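Colleague: Numbering of the sequence shown is given in my numbering, commencing with residue 11 and proceeding in unit increments. Here it is, the structure, as structure tokens.
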Amino acid sequence: VIPTSKPTSNSETCYSLTFKTGDGEHSTSEGPFTIEGYGQVPEKCHSFQGAECSIEICTKTNVMEITANTVDAWEFTISGDVLELLKYKTIPGGTHIKPFPTWLDTDQTDYYQKYSLKKEVKEPEVTERIFKQRKSSICIPSKKTVVQKFLNKTIHQCRNKCKNTSNCHGYRYIGNSLQKCVLYLNTPVQRKYVKPSNPKLFCGLEVKA
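Structural data, given as structure tokens:
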């Protein structure tokens, strides 16, 4: 990602945008193209067929405005935190090409385009295992459950933590930056953990796939 300046206040949000040049013979451009508040689009984004680059822009307005400063038309697609085209200005007698892909130049197509932006929020990886009571077991969990949380654990550590905790009847792993491991515990502790002959059983509880 080609960075821009960091936010100057809490009201600014940074967005990641990826520009990709078309594969056609005339898709490339020498530029330049300017993004409001960012500056010129890097030349490597539009100088050859299939060129692709990512940039980060920070803004208070939640929009991205791009302007052509050349008669050499550029065909491109934007992905990432872009939503929709809000406004465009076309050269008199020129043609507007609805995105995506779209075109920019100062000779035949749009010379200005304005897009709305929205920060893409990636859902954290969530892994869950559910356990059910094994009726024939002497290790019968009580109905009361408590929750115990740990941070900075891998999924394997979380799984083993539950398997080696005598009163754990399930766990939930959230693989975000905190790597949160949540154990669901029965109270009181039933008995010490004894490794079962069946690897899918422990402390009288059976893994439910």
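Think of the CB as a built atom: it goes at the ideal place given N, C-alpha and C, for glycine as much as any other residue. It should be emphasised that the depicted structure is a prediction, and the values quoted were computed from it without experimental measurement.
Using 10 angstroms around the beta-carbon of K159, count the other beta-carbons present and answer buried if the total reaches 16, otherwise exposed.
Modeller: By the 10 Å Cβ count, K159 comes out exposed.
Colleague: Would a C-beta distance cut-off of 8 Å place Y48 and L95 closer than the cut-off?
Modeller: Contact flag unset, no.
Colleague: Based on the DSSP secondary-structure assignment, which residues constitute the bridge partners of S64?
Modeller: DSSP, once it has assigned bridges, lists T28 as partnering S64.
Colleague: At the level of alpha carbons, what is the spacing between D117 and T80?
Modeller: Taking the straight line from one Cα to the other gives about 8 Å.
Colleague: Can you tell me whether DSSP reads S21 as helix, strand or coil?
Modeller: DSSP places S21 in coil when its eight states are reduced to three.
Colleague: Assuming G90 contacts L27 under a Cβ cut-off of 8 Å, what Cβ separation, rounded to an integer in Å, is found between them?
Modeller: With 8 Å as the limit, G90 and L27 qualify as a contact, their Cβ atoms being about 5 Å apart.
Colleague: So the candidates are L193, E35, L114 and N174; which of them puts its Cα closest to the Cα of I88?
Modeller: When only C-alpha atoms are compared, the closest one is L114.
Colleague: Contact defined as beta carbons within less than 8 Å: I believe K173 pairs with C191. What is the distance between those atoms, to the nearest angstrom?
Modeller: That pair is no contact at about 12 Å.
Colleague: Give me the DSSP bridge partner(s) of I76.
Modeller: DSSP lists I45 and Q123 as partners of I76.
Colleague: Buried or exposed: N196, going by 16 or more other Cβ atoms within 10 Å of its Cβ?
Modeller: Label assigned to N196: buried.
Colleague: In terms of DSSP beta bridges, what is E94 paired with?
Modeller: Paired residue(s): none; E94 is not in a bridge.
Colleague: Use the C-beta contact count for D33: other C-beta atoms within 10 angstroms, 16 or more gives buried, fewer gives exposed.
Modeller: D33 is exposed by the Cβ-count criterion.
Colleague: List the residues that DSSP assigns as beta-bridge partners of K99.
Modeller: BP columns for K99 point to Y122.
Colleague: Thinking H36 and A78 are a contact (beta carbons under 8 Å), I'd like their distance in whole angstroms, please.
Modeller: No, H36 and A78 are not in contact; Cβ-Cβ is about 15 Å, not under 8 Å.
Colleague: How would you call K163, buried or exposed, if buried means at least 16 neighbouring beta carbons within 10 angstroms?
Modeller: Label assigned to K163: buried.
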